[in-house]
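These notes are about the structure you will find just below.
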Amino acid sequence: MRWVWLVLGVLLVLSGIVWTLQGLDLLGQSGGMNGQKIWAVIGPITAVVGLLLVRLGLRRPADQ
61 MRWVWLVLGV
71 LLVLSGIVWT
81 LQGLDLLGQS
91 GGMNGQKIWA
101 VIGPITAVVG
111 LLLVRLGLRR
121 PADQ
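Below is the structure:
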């Protein structure tokens, strides 16, 4: 179960980074999320939750 938390956490961190960059319109692409400030707020929140899950996965004993 430990690796599930790690993988999920890393995916959330990466998603949060992409969403933040899209919300700040820094990726230079066209799309519905680019330039929408709500994604500049949701992105960091998602990344922090992902970091917490990574931490949870790293702190759990391997046998659980």
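Just so we're aligned: the sequence shown equals residues 61 to 124 in my numbering.
Think of the CB as a built atom: it goes at the ideal place given N, C-alpha and C, for glycine as much as any other residue.
> Sorted by chain position, which residues of the same chain lie with C-beta nearer than 6 Å to residue 82's C-beta, five sequence neighbours on each side aside?
Replying inline: 93, 94, 99
>> Using 8 Å for Cβ pairs, my map puts residue 116 next to residue 72. What's the rounded Cβ distance?
In response: That pair is no contact at about 12 Å.
> Per DSSP, what kind of secondary structure is residue 75 in: helix, strand or coil?
Replying inline: helix
> Starting from residue 116 and walking both ways along the alpha helix (DSSP H), at which residues does that stretch end?
Replying inline: 97 to 119
> Where does residue 83 sit, in a helix, a strand or coil, going by DSSP?
Replying inline: Here DSSP, grouped into helix, strand and coil, assigns residue 83 to helix.
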